[in-house]
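Residue numbers (this note's numbering): 26 to 281. Note that beta-carbon positions come from the ideal geometry of N, C-alpha and C, so glycine has one too.
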Ligand code: SAM
């Protein structure tokens, strides 16, 4: 992924990490072809035009693919332990999320969120998965603040494991949430990516949401509580499961 503008004839000095990848890992030399891309200009064929001990230059030749934006899919997640948070960021990026928003809930135990570290993970995952952009990663804010001024036309798919009332039946005011596919297939979602709108997903921390948070979330008309099945998943598994189902039912998995 290249920050510079890509256009035929542009001569670009690769940043250190890319130069190392192209020179040492791929073992490319002057005259070899390499693909470069960014979110603005899409994907281009380029050729290694210069190589020194410390760097590498490429000359851009021809566009291979137009830029394509990631779907308007946003993940709100409570930061968990470091490794699990890293996994959430990596997998959400692979699954096409456009924006990641860490939210601090009442039972969130992670104290710090290193944005620069998460951005580096997202960038690497985006490159590996050949998407043209890395997702935006926002500063952590409280759940209440994240919901303040929410665009009511934008559904918030809320993974509600109902851990506080496991015996409750499906649906209703206090009962367990409906299965995610039933909810996505129901005619009621006010807007969905199928209609050109965006969608957000909310996954809780290790300890789940408090009863107070569950009540608050369920009181908002744009919140769609969903179950991800009868087993309690780790937060990182819940992220992967929810995003996969949403991409399959509403998102860009339908386009092949
Ligand atoms: N409250 C639970 C507890 O402490 O046993 C666990 C919470 S779970 C590890 C973390 C988050 O993943 C939950 O807050 C929820 O958003 C999501 N989650 C996990 N399993 C789920 C399920 N079966 N249905 C819906 N959401 C689930």
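Counting along the chain, no beta strand (DSSP E) covers residue 202, and no H or E run does either.
For the set 92, 153, 116, the Cα lying nearest the Cα of residue 102 is the one of 116.
Judged by beta-carbon spacing, residue 206 lies within the 8 Å limit of residue 274, meaning their Cβ atoms are closer than that value. Taking the Cα positions, residue 57 is about 37 Å away from residue 269. Residue 109 and residue 34 have their C-alpha atoms spaced approximately 43 Å apart. Nearest in C-alpha terms to residue 252, of all of 119, 92, 105, 271, is 271.
For the options 245, 184, 240, 50, the alpha carbon positioned closest to that of residue 231 is the one of 184. Within a 10 Å sphere around the beta-carbon of residue 259 sit fewer than 16 other beta-carbons, which makes this residue exposed.
Secondary structure at residue 78: coil, using DSSP grouped into helix, strand and coil. Separation of residue 172 and residue 209 (C-alpha to C-alpha, rounded to the nearest whole angstrom) is 21 Å. The straight-line gap separating the alpha-carbon atoms of residue 75 and residue 278 is approximately 39 Å. Ranked by how close their Cα comes to the Cα of residue 245, the residues 257, 211, 254, 179 have 179 in first place. Partner residues in the beta bridge of residue 90, as assigned by DSSP, are 68. A distance of 8 Å or more separates the beta carbons of residue 222 and residue 96. Distances taken from the Cβ of residue 185 to the heavy atoms of the ligand SAM include one shorter than 7 Å. As computed with DSSP, residue 244 is found in no beta bridge at all. Counting the other CB atoms within 10 Å of its CB gives residue 146 a total of 16 or more, which places it among the buried residues.
With fewer than 16 other Cβ atoms inside 10 Å of its own Cβ, residue 255 counts as exposed. Within its own chain, the residues whose Cβ lies closer than 8 Å to the Cβ of residue 91, once the five positions on either side in sequence are excluded, are 67, listed in chain order. About 6 Å separates the CB atoms of residue 63 and residue 31; that is less than 8 Å, so the two are in contact.
Non-local beta-carbon contacts of residue 127 in its own chain, meaning distances under 6 Å to residues more than five positions away in sequence, involve 104, 138, 165 in chain order. One thing to note: residue 238 has its Cβ no nearer than 8 Å to the Cβ of residue 125. If the five residues before and after residue 94 are omitted, its C-beta is found closer than 8 Å to the C-beta atoms of 64, 123, 158, all from its own chain and listed in chain order. By the Cβ-count criterion, residue 175 is exposed, with fewer than 16 other Cβ atoms from all chains shown falling within 10 Å of its own Cβ.
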